[in-house]
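**Student:** Be aware that the sequence shown starts at 1, since it is given in the working numbering, and climbs by one per residue. Don't be surprised by glycine CBs; every beta carbon is placed ideally from N, CA and C. Handing you a structure now.
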Amino acid sequence: MVDAVNAGTTAGSASAAMKQTMGMNKDDFLTLFVTQLQNQDPLNPMDGTQFISQLAQLTQVEQAYNTNSNLEKLISMMNDSSALSSLSYIGKEVIAAGSQVALTSGGEANLSCVLPKAAEQVVVEIYDSGGTTVRTLTQGQTAAGPATLVWDGRNDAGTALPSGTYSFAVKGIDSSGNTFTCETRTGGKVDGVSFSGSSPVLTVGALEIPFSSLLSVKGGS
Numbered sequence: 001m002v003d004a005v006n007a008g009t010t011a012g013s014a015s016a017a018m019k020q021t022m023g024m025n026k027d028d029f030l031t032l033f034v035t036q037l038q039n040q041d042p043l044n045p046m047d048g049t050q051f052i053s054q055l056a057q058l059t060q061v062e063q064a065y066n067t068n069s070n071l072e073k074l075i076s077m078m079n080d081s082s083a084l085s086s087l088s089y090i091g092k093e094v095i096a097a098g099s100q101v102a103l104t105s106g107g108e109a110n111l112s113c114v115l116p117k118a119a120e121q122v123v124v125e126i127y128d129s130g131g132t133t134v135r136t137l138t139q140g141q142t143a144a145g146p147a148t149l150v151w152d153g154r155n156d157a158g159t160a161l162p163s164g165t166y167s168f169a170v171k172g173i174d175s176s177g178n179t180f181t182c183e184t185r186t187g188g189k190v191d192g193v194s195f196s197g198s199s200p201v202l203t204v205g206a207l208e209i210p211f212s213s214l215l216s217v218k219g220g221s
């Protein structure tokens, strides 16, 4: 005769584990279900309602498992599509929110911003990777809206700076002598796409531009 106490304990443990089935795959559930049947108390076997209920749970687990599998395939396909789509940006001119600029030694760089109002003078400070100011540029009266200053790639002493990524800040001075900040813009011609991170980013020289910061795209094929 089967020990009713031990059998009841085994069945109870299986029932408790059954509550966690949604974290299992269908094979785990089936194994647990068969084990429960084999170890049930013959004096108090599972009734028909319980049997049907647990078979229904098995169906739900299998459906959830198949749904998760299909979702993973869909996400993979979407990621592949996103990667292919990002390659179409190569060769195009992009503008993005940001305050970094890539400089090639001996070359120039465009420093763009948006003035919220007209300025009597615009002041641009350029910093190296360590945050040290390497150049200060000024421009006279400038209308509200987008503006671009050209940096010749030299420091305040006139020495050409090495290639690398620099940052800049822009402020305006109005007719009353009050200063105000201006939104900076970065960008240029996309020369590649980096897939090293969790999502693709566009590369413009040494710059990496995430898609979330893009403001406009133009040109290219």
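Could you compute how far the alpha carbon of V122 sits from the alpha carbon of V204?
**Tutor:** 26 Å
**Student:** Is the beta carbon of E125 less than 7 Å from the beta carbon of G153?
**Tutor:** With contacts defined by Cβ atoms closer than 7 Å, E125 and G153 do not form a contacting pair.
**Student:** In the DSSP output, which residue or residues are listed as bridge partners for N110?
**Tutor:** V150
**Student:** Can you list, in chain order, the residues of its chain with a C-beta nearer than 8 Å to that of V201? Leave out the 5 residues immediately preceding and following it.
**Tutor:** V193, S194, E208, I209, P210, F211
**Student:** Please go through the same chain and pick out, in chain order, the residues whose beta-carbon is closer than 8 Å to the beta-carbon of E72, but skip the five residues on each side of it.
**Tutor:** none
**Student:** Using the Cα positions of S216 and A56, report the straight-line distance between them to the nearest angstrom.
**Tutor:** 53 Å
**Student:** Buried or exposed: F168, going by 16 or more other Cβ atoms within 10 Å of its Cβ?
**Tutor:** buried
**Student:** Would you report the Cα separation of A160 and S112, rounded to the nearest angstrom?
**Tutor:** 21 Å
**Student:** Helix, strand or coil: how does DSSP classify L214 here?
**Tutor:** strand
**Student:** Run through DSSP, which three-state label would A157 get?
**Tutor:** coil
**Student:** Compute the Euclidean distance between the alpha carbons of L84 and A102, then round it to the nearest angstrom.
**Tutor:** Their Cα atoms are separated by approximately 25 Å.
**Student:** From E183 to D191, what distance separates their C-alpha atoms?
**Tutor:** Rounded to the nearest angstrom, the two C-alpha atoms are 25 Å apart.
**Student:** Do you know how far the Cα of G140 is from the Cα of A147?
**Tutor:** 12 Å
**Student:** DSSP has Y127 in a bridge; who is on the other side?
**Tutor:** T133, S167
**Student:** Using C-beta distances below 7 Å, list every residue in its chain close to S213, excluding the 5 sequence neighbours before and after it, in chain order.
**Tutor:** A96, A97, G98
**Student:** Once DSSP output is grouped into helix, strand and coil, what is the label at V34?
**Tutor:** helix
**Student:** Using the rule of at least 16 other Cβ atoms within 10 Å of the residue's Cβ for burial, across every protein chain shown, is T21 buried or exposed?
**Tutor:** With a pLDDT of only 43 at T21, under 50, the local geometry of the prediction cannot be trusted, and the value read off the model is given with reservation. Residue burial annotation: T21 is buried, with at least 16 other C-beta atoms found within 10 angstroms of its C-beta.
**Student:** Cβ atoms of E93 and A219: under 7 Å apart, would you say?
**Tutor:** Residue identity differs from the one stated: residue 219 is Gly in this sequence, not Ala. A contact, by the Cβ cut-off of 7 Å.
**Student:** Between S88 and the rest of its own chain, which residues show a CB-CB distance below 7 Å, the 5 nearest in sequence each way excluded?
**Tutor:** none
**Student:** Under three-state DSSP, which class holds T49?
**Tutor:** T49 falls in the helix class under three-state DSSP.
**Student:** Is G153 close to the ligand PLP? I mean its beta-carbon at under 6 Å from any heavy atom of the ligand.
**Tutor:** Only the bare structure without any ligand can be found here, which leaves the ligand PLP out of the picture.
**Student:** Measuring CA to CA, which of E120, T142, K171, G130 is closest to T165?
**Tutor:** In terms of Cα proximity to T165, the closest of E120, T142, K171, G130 is G130.
**Student:** Report the three-state DSSP secondary structure of S199 (helix, strand or coil).
**Tutor:** coil
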